[in-house]
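Engineer: Pasting a structure here, questions to come.
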Amino acid sequence: MTDPIAAKENAPRVARDVAVRASHVSMDFGNGVLAVNDASFELEKGRFLTILGPSGSGKTTLLQMIAGFQKQTAGEITINGKPVDAAPPHRRSIGMVFQKLALFPHMTAAENVAFPLKMRRFNPRQIAGRVDQFLDLVRLGGYGDRRINALSGGQQQRVAIARALVFEPDLLLLDEPLAALDVKLREEMQLEFRRIQHQLGVTTINVTHDQREALVVSDNIIVMDGGRIQQQAEPVELYRAPENPFVAGFLGLSSFVDGSATADGNLKVGDIVVQGTSARDFAAGTRVVAAIRAEQIRLAGTSEALGACDMKLEGRVADTIFEGERQMYVVEIGALSGATFRVYHHDPDSFGLFRVGDPVALGWNRRDLKIFSPAA
Amino acid sequence: MHVRTGGFPVLIMAVACLPAGTGPGQTLSTRHRNAAMPEIPSKDDTHTTFRYPLRWRIMDALNGGLDRFWPARMSPYTGWALIMPALLLVGVLVLGLFEMADNSLHTLDRATFRLSEAYTLENYQTVMESATYGRVITRSVFAAGLTVFFTLLLALPYAYIMVRTTSSAVRKALLVTLFLPFFIGQVVRAYGLLIILGTTGVANNALGLVGIEPMRLLFNFPAVVFGLVQYMLPFAVLMLAPALTAIPRETETAASSLGANWVQGFRHVVLPMAKPGLIGAGLVVGTLALTDFAMPAMLGGGSQDFIANAIYDQFFRTADQGLGAALALLLVVLGSVIVGIVISIFGAGTLGMGNRK
Ligand SMILES: Nc1ncnc2c1ncn2[C@@H]1O[C@H](COP(=O)(O)OP(=O)(O)O)[C@@H](O)[C@H]1O
Ligand SMILES: [Mg+2]
Chain A
4 MTDPIAAKEN APRVARDVAV RASHVSMDFG NGVLAVNDAS FELEKGRFLT ILGPSGSGKT
64 TLLQMIAGFQ KQTAGEITIN GKPVDAAPPH RRSIGMVFQK LALFPHMTAA ENVAFPLKMR
124 RFNPRQIAGR VDQFLDLVRL GGYGDRRINA LSGGQQQRVA IARALVFEPD LLLLDEPLAA
184 LDVKLREEMQ LEFRRIQHQL GVTTINVTHD QREALVVSDN IIVMDGGRIQ QQAEPVELYR
244 APENPFVAGF LGLSSFVDGS ATADGNLKVG DIVVQGTSAR DFAAGTRVVA AIRAEQIRLA
304 GTSEALGACD MKLEGRVADT IFEGERQMYV VEIGALSGAT FRVYHHDPDS FGLFRVGDPV
364 ALGWNRRDLK IFSPAA
Chain B
252 MHVRTGGFPV LIMAVACLPA GTGPGQTLST RHRNAAMPEI PSKDDTHTTF RYPLRWRIMD
312 ALNGGLDRFW PARMSPYTGW ALIMPALLLV GVLVLGLFEM ADNSLHTLDR ATFRLSEAYT
372 LENYQTVMES ATYGRVITRS VFAAGLTVFF TLLLALPYAY IMVRTTSSAV RKALLVTLFL
432 PFFIGQVVRA YGLLIILGTT GVANNALGLV GIEPMRLLFN FPAVVFGLVQ YMLPFAVLML
492 APALTAIPRE TETAASSLGA NWVQGFRHVV LPMAKPGLIG AGLVVGTLAL TDFAMPAMLG
552 GGSQDFIANA IYDQFFRTAD QGLGAALALL LVVLGSVIVG IVISIFGAGT LGMGNRK
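Below is the structure:
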């Protein structure tokens with residue numbers, strides 16, 4: 004297999020500004036597992052990248068190494084072509100918003116925002132104007148005199164963003180700063196992040212375990228698990244074409260079926276051949292796993308009622324879960340050795356259509372059932 | 252007055268959390284069946300994985316005893332009951348203070364060695380007009396101020412390193428070094444300093460090695476301040492450590508990412524955030540130093556008396572209780588005024604007591 008980074012470096016230079024480049028970066032805390040395992044990626048200038056992964060997958064560690072607060076045990080990270088640790092932390096041009104915000108409680112909102120300007124010796128006559136400008140940018144105009152603990156959670160977020168951006172850093176790093184907010188506020192702040200990032204065009208790396216946040220705010224997403232980068236892609240691409248079972252399961256709601264590959268690229272479970280599609284060829288008989296998303300399965304009372312589908316199976320409703328904007332049915336297919344499928348209904352008229360135990364039929368199109376080699 | 256019971260002993264709180272009717276020795280599954288709760292499928296009771304911990308049984312027993320001694324209907328008075336011992340203690344002190352105030356208003360009759368019948372302000376006049384007492388009071392205040400300054404100067408880096416070091420060996424070493432002096436006591440430590448600082452002591456021997464003539468390091472003002480700083484350091488570190496621990500490491504990382512070098516981060520972020528601890532430690536060290544007896548007595552050799560030494564002389568040497576009481580009251584007033592000024596400048600909130608001023 005060719006090394007993607009080396010391949011790119013050997014290719015003729017395209018006019019494309021790379022802001023952050025990580026090549027074969029690993030972090031070994033000496034406890035037996037690599038917190039970050041051979042991570043390589045590139046980020047173009049002005050783009051918004053999200054590192055998405057479950058808790059403990061190494062996101063923070065990777066971000067800390069990009070910020071230069073921790074030193075990787077292998078590999079190299081460059082920002083604008085220079086290694087991160089070429090300068091001491093306070094000389095780097097990196098703005099960071101921390102998970103716990105780390106605002107200075109003994110200063111007002113405006114003083115917090117002015118702090119980096121003072122430390123970085125901006126012209127004192129320009130500081131006041133600039134602080135106001137950035138408080139306006141995060142829609143906190145008029146709140147400058149407030150003490151930090153006299154601000155709401157969302158307002159504190161905004162101060163933290165203004166403080167990280169006011170000195171116009173080359174790179175903005177966000178370590179799950181929205182994780183502690185309630186859902187409404189979090190969704191509001193996600194849009195704020197996107198608006199501010201578009202307005203300033205600052206290269207941004209955001210870390211989160213929230214797939215919705217990643218899909219909403221990013222130009223580009225890296226999915227991490229167990230210290231490894233699982234896939235890097237644009238949001239729609241990532242959702243549409245997951246490269247492995249982990250990504251298929253982490254974004255959206257997928258159902259999985261174990262089986263073996265057939266010669267014509269389908270999936271065989273017991274005696275039944277299930278129509279599916281795969282990005283690569285498997286030798287017949289190879290153990291594989293297939294995934295299909297809940298919104299890509301059709302559900303009806305009988306096979307006839309399903310209409311045209313590549314694949315039709317009959318089963319029973321094992322559970323129904325009402326989520327408000329949609330109804331989820333868990334359907335058990337006896338013929339596939341009891342595999343269960345989760346199906347969404349989004350039309351309120353069909354909510355409550357089936358009850359536990361009802362016989363139902365499932366159908367899907369071939370391209371929607373994706374076949375992978377099993378997770379390592 | 253409403254007394255908060257927030258500080259109610261943890262033990263009782265923990266016991267109160269247990270549902271009523273949980274007898275010792277019962278497993279959770281049987282309890283669930285007794286209470287009006289949905290039946291939980293359980294394995295046979297002879298084989299349960301959860302055993303009711305001994306600690307909980309002890310607490311249940313204590314709770315049972317407490318219930319008999321202090322029934323639930325008394326709970327509105329719980330706060331008062333808890334604060335009673337403290338009130339009694341303070342009450343006794345205040346009574347003593349009144350007694351002393353009364354004594355200070357009578358002069359000593361040298362013929363009978365009794366206090367005079369008539370009330371008079373003569374004792375206070377004596378103190379005010381005496382150059383010696385003036386010097387003693389100024390010296391005490393000045394020494395206390397210097398002690399606060401030097402102690403905090405030394406305690407802050409000590410506490411900071413102890414809190415921030417990543418090496419647990421370093422932290423343990425610093426902690427042990429900190430607690431050792433507590434086992435030794437002030438008098439023994441002062442005596443140790445006498446040995447070290449004496450004309451033939453370790454300090455002078457060391458100076459001799461680099462060719463400096465032995466000099467008098469003892470029985471002067473710097474020796475007393477030195478002794479006081481050395482004595483107060485552990486108190487100050489112990490008061491500063493929690494204040495520094497309360498500053499998240501992330502806050503310092505943030506300062507550095509915003510462009511502050513270490514010194515700037517310390518000055519603009521750590522110091523202001525540690526202010527409550529610094530003021531609290533300063534007050535404790537200051538009042539302890541102001542009222543200190545042993546250091547001036549032993550390291551001052553009689554030439555560096557503080558107010559406490561003067562009071563001692565009046566009570567136990569000249570037996571002039573009236574004058575001693577007057578000096579003691581002046582000391583109480585002096586200390587209270589200083590504490591009052593500090594609190595009114597910085598607010599009680601800065602001492603970490605309550606959220607507001
Ligand atoms: N300083 C450290 N020392 C040892 N292990 C660490 C340290 N920091 C993180 N780890 C380990 O590295 C792994 C990844 O952690 P982290 O990067 O914090 O994950 P995430 O941010 O994705 O939740 C975890 O298993 C964690 O226990
Ligand atoms: Mg993390």
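Line by line, the protein sequences give chains A and B. Using the numbering used here, the first residue of the first sequence is number 4, and each one after it goes up by one. Using the numbering used here, the first residue of the second sequence is number 252, and each one after it goes up by one. Ideal placement from N, C-alpha and C gives every residue a C-beta, glycine not left out. Bear in mind that the values here come from a model prediction, so they are computed numbers and not experimental data.
1. Would you give the residue range spanned by the beta strand (DSSP E) that F433/B belongs to?
2. Skipping 5 residues on each side, what residues in its chain have a beta carbon closer than 7 Å to that of V475/B?
3. The beta strand (DSSP E) with N40/A in it runs from where to where?
4. Can you check which of these residues, L313/B, L348/B, R518/B and V392/B, is closest to T542/B by C-alpha distance?
5. Please list the partners that N512/B has in chain A, where partner means a Cβ-to-Cβ separation under 7 Å.
6. On a Cα-Cα basis, can you pick out the residue from E373/B, A492/B, F433/B and R306/B that is closest to R422/B?
7. At a CB-CB cut-off below 7 Å, which residues of chain A make contact with E501/B?
8. Just curious, the beta strand (DSSP E) that L177/A is in, first and last residue?
9. Can the beta-carbon of P92/A be found less than 8 Å from the beta-carbon of S587/B?
10. Tell me A77/A's beta-bridge partners as DSSP assigns them.
11. DSSP has K62/A in a bridge; who is on the other side?
12. Scan the region 320-400 of chain B and note each continuous beta strand (DSSP E) run of 3 residues or more that stays entirely inside, going in chain order.
13. Determine, for P119/A, whether the minimum Cβ-Cβ distance to residues of chain B falls below 8 Å.
14. What residue does the beta strand (DSSP E) around H348/A start on, and which one ends it?
15. Please specify which runs of the alpha helix (DSSP H), each continuous and at least 4 residues long, are wholly inside the region 88-119 of chain A, giving them in chain order.
16. Beta-carbon of T496/B versus every beta-carbon of chain A: anything under 8 Å?
17. Less than 8 Å separating the beta-carbons of A282/A and T265/A?
18. Give the residues from the region 57-73 of chain A that approach chain B closer than 8 Å (Cβ to any Cβ), ordered along the chain.
19. If you measure from the beta carbon of R166/A to each beta carbon in chain B, is any gap under 8 Å?
20. What residues are listed by DSSP as bridge partners for P86/A?
21. Ordered along the chain, which non-local residues of its own chain (more than five positions away) have a Cβ less than 8 Å from that of R255/B?
22. Who does M68/A pair with in a DSSP beta bridge?
23. In the DSSP assignment, find the unbroken beta strand (DSSP E) run with N223/A in it and report its ends.
24. What residues sit near ligand 1, counting only those whose C-beta is closer than 5 Å to one of its heavy atoms, in chain order?
25. Rounded to whole angstroms, what's the CA-CA distance from R19/A to F51/A? Just pull it up for me.
26. At a CB-CB cut-off below 7 Å, which residues of chain A make contact with Q515/B?
27. Let me know the secondary structure DSSP gives G268/A once reduced to three states.
28. Leaving aside the five residues before and after G147/A along the sequence, list all residues of the same chain whose C-beta is less than 6 Å from its C-beta, in chain order.
29. Per DSSP, Q200/A is paired with what?
30. Would the C-beta of E45/A count as close to ligand 2, meaning under 7 Å from any of its heavy atoms?
31. Counting only Cβ-Cβ distances shorter than 8 Å, please list the residues of the region 517-536 of chain B near chain A, keeping chain order.
32. What does a CB cutoff of less than 8 Å around F401/B pick up in its chain, not counting 5 residues either side in sequence?
33. Beta carbon of E191/A: closer than 7 Å to some heavy atom of ligand 2?
34. Could you pull out every residue in the same chain whose Cβ sits closer than 7 Å to the Cβ of L403/B, ignoring the five residues on either side in sequence?
35. Rounding to the nearest angstrom, what Cα-Cα distance links I130/A and R95/A in this structure?
36. For V33/A, tell me which candidate among A217/A, Q75/A and P362/A has the shortest Cα-Cα distance.
Structural biologist: Reading it off the structure:
1. Here the question's residue 433/B lines up with position 182 in the second sequence. Counted as a single uninterrupted DSSP element, the stretch harbouring F433/B is not any beta strand (DSSP E) but the alpha helix (DSSP H) occupying residues S419 to I435.
2. Taking the first residue of the second sequence as position 1, residue 475/B is located at position 224. So the list reads A394, M546, P547, L550, G551 and Q555, once near-sequence residues are dropped.
3. Within the first sequence, residue 40/A is the residue found at index 37, counting from 1. Note, N40/A: beta strand (DSSP E), L37 to E47.
4. By one-based count along the second sequence, residue 542/B stands at place 291. It is V392/B whose Cα lies nearest to the Cα of T542/B.
5. On the second sequence, position 261 is the one that residue 512/B refers to. Counting only Cβ-Cβ distances below 7 Å, N512/B has contacts in chain A at H93, in chain order.
6. To locate residue 422/B, count along the second sequence from 1; it is residue 171. Of the listed residues, the one whose Cα sits closest to R422/B is A492/B.
7. Position 250 of the second sequence, counted from the first residue, corresponds to residue 501/B. By Cβ distance, chain A contributes F101, K103 and A105.
8. In the first sequence, the residue the question calls residue 177/A occupies position 174. Counting along the chain, the beta strand (DSSP E) containing L177/A begins and ends at L174 to D178.
9. Residue 92/A sits at position 89 when you count from the first residue of the first sequence. Residue 587/B sits at position 336 when you count from the first residue of the second sequence. Cβ distance not < 8 Å, so P92/A and S587/B don't count as in contact.
10. Counting from 1 along the first sequence, the entry for residue 77/A is found at position 74. The partner list for A77/A (beta bridge, DSSP) reads S29/A.
11. Residue mapping note: residue 62/A aligns to position 59 of the first sequence, counting from 1. The partner list for K62/A (beta bridge, DSSP) is empty, contrary to what the question assumes.
12. Runs found: none.
13. For the purposes of this step, residue 119/A is taken as residue 116 along the first sequence, with counting starting at 1. It does: the Cβ of P119/A has a partner Cβ on chain B nearer than 8 Å.
14. As a first step, residue 348/A must be located in the first sequence, where it is residue number 345. Start and end: A342 to H348.
15. For the region 88-119 of chain A, there is no continuous alpha helix (DSSP H) assignment of 4+ residues that stays within its boundaries.
16. Along the second sequence, read from residue 1 onward, the residue named residue 496/B stands at position 245. It does not; no Cβ of chain A falls within 8 Å.
17. As a working mapping, residue 282/A is identified with position 279 in the first sequence. As a working mapping, residue 265/A is identified with position 262 in the first sequence. Taking the C-beta atoms as reference points, T265/A is found no nearer than 8 Å to A282/A.
18. The region 57-73 of chain A vs chain B, Cβ under 8 Å: A70 and F72.
19. The residue labelled residue 166/A in the question sits at position 163 within the first sequence. Judged by the 8 Å Cβ criterion, R166/A is in contact with chain B.
20. Position 83 of the first sequence, counted from the start, is the residue given in the question as residue 86/A. Beta-bridge pairing links P86/A to T81/A.
21. The residue given as residue 255/B occupies position 4 in the second sequence. With a pLDDT of only 43 at R255/B, under the threshold of 50, the placement of this residue in the model should not be trusted, and no figure is reported.
22. The count along the first sequence starts at 1 and reaches residue 68/A at position 65. M68/A is not bridged by DSSP to any residue.
23. Locating residue 223/A in the first sequence gives position 220, counting from the first residue. Residues N223 to D228.
24. Answer in sequence order: F32/A, A38/A, S58/A, G59/A, S60/A, G61/A, K62/A, T63/A and T64/A.
25. Numbered from 1 along the first sequence, position 16 holds the residue referred to as residue 19/A. Numbered from 1 along the first sequence, position 48 holds the residue referred to as residue 51/A. So the two alpha carbons sit approximately 15 Å from each other.
26. As a working mapping, residue 515/B is identified with position 264 in the second sequence. Those are M122, listed as they occur along chain A.
27. Against the first sequence, residue 268/A aligns to sequence position 265. In the three-state scheme derived from DSSP, where H, G and I count as helix and E and B as strand, G268/A is classed as coil.
28. By 1-based counting over the first sequence, the position of residue 147/A is 144. Excluding the 5 residues flanking it on each side, G147/A has same chain C-beta neighbours closer than 6 Å at A112, A113 and L138, in chain order.
29. As a working mapping, residue 200/A is identified with position 197 in the first sequence. Answer is none; Q200/A lacks a bridge partner.
30. Start at 1 with the first residue of the first sequence, and residue 45/A comes out as number 42. Taking the Cβ of E45/A as the reference point, every heavy atom of ligand 2 lies at 7 Å or farther away.
31. Residues passing the 8 Å Cβ filter: H519, V520, P523, M524 and K526.
32. On the second sequence, position 150 is the one that residue 401/B refers to. If the five residues before and after F401/B are omitted, its C-beta is found closer than 8 Å to the C-beta atoms of V476 and V480, all from its own chain and listed in chain order.
33. As a first step, residue 191/A is located in the first sequence; it is residue number 188 there, counting from the start. It does not: the Cβ of E191/A is nowhere closer than 7 Å to a heavy atom of ligand 2.
34. Looking up residue 403/B in the second sequence gives position 152. So the list reads A487, L529, A532 and G533, once near-sequence residues are dropped.
35. For the purposes of this step, residue 130/A is taken as residue 127 along the first sequence, with counting starting at 1. For the purposes of this step, residue 95/A is taken as residue 92 along the first sequence, with counting starting at 1. I130/A and R95/A have their C-alpha atoms some 20 Å from each other.
36. What you label residue 33/A is simply residue 30 of the first sequence in a count that begins at 1. This sequence places Gly at residue 33/A; Val is not what is there. The residue with the shortest Cα to Cα distance from G33/A is Q75/A.
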